[in-house]
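Asker: A single structure is presented below for examination.
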Amino acid sequence: MLKIRTYITFCVMLLVSIFIAGIAIAGPQLTKTQENCLHAWDGAVENLKADKWGMLSVDEVKSMIDAGVPFTLLDVRMAKDREKDGAIAGSIHIPITDLSDKIAQLPDDLNAPIVIHCKSGWTGVMAMTMLRQLGYVNTKNMKDGFSAWQKAGYPIVKTP
Amino acid sequence: MEKIKFSFTNLKTLLVFLLCLVFMFAGITFIFTGKLKASVNNSGSCLSCHSNAGKLMGLVKPKEAAEAGCAAPPAKRPLFLDFFVRAEFADSLHGRVGCKQCHGGNPEAEDKDQAHKDMKDPEENCVSCHQDIVRRQATSIHATLAGQDYLLKQRTGKENFDKLVRAREADCKKCHCGCGDCHISIPKAVGGGLLSGHKFFKTPPMVDTCAVCHGTRAGGEYTGKISEDMEPDVHKQAGLHCIDCHKEDMHGDGIKYASRWEVSRLPKCINCHEGVPNFKSPAHNITEHKSVSCKSCHAQAYKNCFQCHASFDKAGNYHRKQKEKAVIFKIGKNTAPGYIYKYSPVRHKPIIRDTFGYFGKDIFAHFDQYPTWSTAAPHSIKRITSRNKSCNNCHCNKKYFLLKEDLTENDSKADDEVILEEVPRCK
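Spelled out as structure tokens, the structure:
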């Protein structure tokens, strides 16, 4: 027969173990802000997935330009890349590093179509995701970036 | 008489009153002008959606790509472009007619379904201004697709032709070509959609219209896309559009032809190339060559299709599949009526005895009365080809000639009239 003290010690250890296990299973406790952020992220991923991940090929972007569609073509490359390789006529230039500071240059209308391009497509994805999170629901990224535009032989203009 | 005294108070009141009148007048004018413009255009709220790219992107849902069959779908583009109308279209010659005049519907409605109620075929209005062209086009082969029916009816006979109604509606008639299919939209045969913001093209963009319906053969050959080791037609490289050669037969001449070979004023090489054949070239001075068509030497290989079968699946979807395709070149005896040359390239028709076996037994009751190899018009012209580099590249090279051994049990007995008895002897 166990002594009372041993019995109590055993129960306390059991309770502590259950408590520790519970934390391990439940994971870290999220703040409200973190929960909201994750929820918004899930929504953004679902929207992107339904929209073919927001990707447009260079041919599709070219067809929009040819059809006279009014949209913002946003070049998020660094300045040296734009100066060296040229640009697509009509594009506005906000390097990815300056995007959060220069959001005001983008249209006020959150439904306005925006097509982002970078050099190879990767930075453009980040910029697109950011703008979609800000509410620009019709933001797209040009697949494979400016490199693909060059490869397709589409017109390029020299930047001042 | 007491003089009226203009005091400052009265003047101030008068000025306020006049200002109010001015603003009221300006407001009425603004509203009235807006309504007048809207009523003149009859566009109302149509363009508030159709010129709003952001709105269209959200509204237009992806659709299943239509089975293209023998057509070649145009280059990929965002789906919303099918419905996008440039804002400046409203001020264009056709735009000033107004959306409702051609399309019907309710431009003033705010709701999409209400706005699209009572729509009509816009091509009914083309005749208002383009009477002559519409009249001629109505009997052209582009509109009637008579050539397809002609070729089918030869082989089915009258007794079996009507058994192919479903197939013709689901397949052949898809390529029926109205005004919009060339001048405004991508052909309906591959899904339709506005070409470029509702712009009207006097000369349709070749790659997005002509080379769509005529995609797998003429269009693919002309652009050099049917094979990796082929070059585009030399006329394409020179910047020629389809209508630069086919200018006479695009809208038709008001006569209802049964087949393209009967159309008057078909393109001929000598229409542009005066003084050909060039008799300074020894090859053109050989007597036997005078019965050989230009394309026999100056065309690259072209697409041939074999053993096509048509059917409907359980869900009612139509399917047409070729068992085999080959990019080859065969010279045979001419089959086109009225053609001046005895020998020309011949192309294999995709048909087989039971192409339409799904629709009944022996649909092609007269299969053996008409050849499965017939005169071709390859759109793969090149001055120097694998055949004319030297005499013996062609002569004694049986791969370039349709011979008995090239025929299979799937070919028609009438092909005996097309094959050559022997390969031209070596030089």
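So the protein sequences, as listed, match chains A and B.
Numbering follows my numbering, with no gaps: position 155 of the first sequence is 155.
Just add 1000 to wherever you are in the second sequence, counting from 1, and you've got my numbering.
Beta carbons are placed, not taken as given, at the ideal position from N, Cα and C, and that holds for glycine.
Just so we're clear, the structure is a prediction, and the values are computed from it rather than from any experiment.
So what's B:N1041 in DSSP terms, helix, strand or just coil?
Answerer: With a pLDDT of 46 at B:N1041, under the threshold of 50, the modelled position of this residue cannot be trusted; read the value that follows with caution. Looking at B:N1041 - three-state DSSP - the assignment turns out to be helix.
Asker: Just checking: is the beta-carbon of A:S183 within a distance shorter than 7 Å of some beta-carbon in chain B?
Answerer: Nothing can be reported for residue 183 of chain A: it is not among the residues displayed for chain A, which extend from 1 to 160.
Asker: Consider the Cβ of A:P107: report whether some Cβ of chain B lies at a distance smaller than 7 Å.
Answerer: no
Asker: Just to confirm, is the Cβ distance from B:P1232 to B:C1213 under 7 Å?
Answerer: no
Asker: Since B:F1367 meets chain A, which of its residues come closer than 8 Å, beta carbon to beta carbon?
Answerer: Within chain A, no residue comes near B:F1367; the closest Cβ sits about 43 Å away, beyond 8 Å.
Asker: Note down, in chain order, every chain A residue with its Cβ under 7 Å from the Cβ of B:R1096.
Answerer: Per Cβ cutoff of 7 Å: no residues; B:R1096 is ~18 Å from chain A at best.
Asker: Kindly indicate the opening and closing residues of the alpha helix (DSSP H) around A:E46.
Answerer: K32 to A50
Asker: Could you tell me the alpha carbon to alpha carbon distance between B:L1021 and B:L1011, rounded to whole angstroms?
Answerer: 15 Å
Asker: So what does DSSP say about B:K1325, is it helix, strand or coil?
Answerer: Assignment of B:K1325 by DSSP, reduced to helix, strand and coil, places it in the strand class.
Asker: With DSSP collapsed to three states, give me the class of B:R1086.
Answerer: Here B:R1086 sits in coil by DSSP.
Asker: Return the residue from the list B:C1129, B:D1118, B:R1086 and B:K1055 that minimises the CA-CA distance to A:D109.
Answerer: B:K1055
Asker: Helix, strand or coil for B:G1332 per DSSP?
Answerer: In the three-state scheme derived from DSSP, where H, G and I count as helix and E and B as strand, B:G1332 is classed as strand.
Asker: With burial defined as no fewer than 16 other Cβ atoms inside 10 Å of the residue's Cβ, what is the status of A:S63: buried or exposed?
Answerer: buried
Asker: Using beta-carbon positions only, say whether A:K102 and A:G121 come within less than 7 Å of one another.
Answerer: no
Asker: Here's the rule: buried if 16 or more other CB atoms are within 10 angstroms of the residue's CB, otherwise exposed. What is B:I1352?
Answerer: buried
Asker: Name the residues in the region 1185-1196 of chain B whose C-beta lies less than 9 Å from a C-beta of chain A; which are they?
Answerer: Closer than 9 Å at the C-beta level to chain A, one finds these residues of the region 1185-1196 of chain B: L1194, L1195 and S1196.
Asker: Of the residues B:Q1148, B:K1120 and B:G1095, which one's Cα is nearest the Cα of B:H1103?
Answerer: Residue B:K1120 is the option with its Cα nearest to B:H1103.
Asker: What's the gap between the Cα of B:P1350 and the Cα of B:P1378?
Answerer: 16 Å
Asker: Near B:V1234, what residues of its chain come up, given a Cβ to Cβ distance below 6 Å and the 5 sequence neighbours on each side ignored?
Answerer: I1381 and K1382
Asker: Using a beta-carbon distance below 7 Å, is B:K1035 in contact with chain A?
Answerer: Here B:K1035 scores only 46 on pLDDT, less than 50, and its place in the model should not be relied on; the value that follows carries that caveat. No, B:K1035 lies away from the interface with chain A (no Cβ there is under 7 Å from its Cβ).
Asker: Is there a Cβ of chain A sitting closer than 7 Å to that of B:R1086, yes or no?
Answerer: yes
Asker: According to DSSP, simplified to helix, strand and coil, what is A:I114?
Answerer: strand
Asker: Below 6 Å CB to CB, which residues in the same chain sit around B:G1252 once its five sequence neighbours on both sides are set aside?
Answerer: R1136, Q1137, T1139 and S1140
Asker: Below 8 Å on the Cβ atoms is my contact criterion, and I expect A:I94 with A:L74 to pass it. Report the Cβ-Cβ distance as a whole number of Å.
Answerer: 6 Å
Asker: Are the region 1306-1315 of chain B and the region 1329-1336 of chain B in contact at 8 Å, needing three or more beta carbon pairs?
Answerer: no
Asker: For A:D66, go through chain B and note every residue whose CB falls closer than 8 Å to its CB, in chain order.
Answerer: S1196
Asker: List the residues of chain A that B:A1053 touches, going by C-beta distances under 7 Å, in chain order.
Answerer: Result: V69, P70, F71 and P113.
Asker: Find the nearest neighbour of A:V76 within the set A:W53, A:T33 and A:V115, judged by alpha-carbon distance.
Answerer: Measuring from the Cα of A:V76, the nearest candidate turns out to be A:V115.
Asker: Mark B:K1037 as exposed unless 16 or more other C-beta atoms lie within 10 angstroms of its C-beta, in which case mark it buried.
Answerer: Reliability of the predicted coordinates at B:K1037 is poor, the pLDDT of 46 falling under 50, and no value is obtained from them.
Asker: Can you give me the C-alpha to C-alpha distance between B:W1373 and B:K1323, rounded to a whole angstrom?
Answerer: Each residue's Cα considered, the two are about 17 Å apart.
Asker: Under 8 Å by Cβ, that's how I've got B:A1326 and B:N1304 pegged, so tell me the actual separation to the nearest angstrom.
Answerer: Their Cβ separation, rounded to whole angstroms, is 5 Å, which keeps B:A1326 and B:N1304 in contact under 8 Å.
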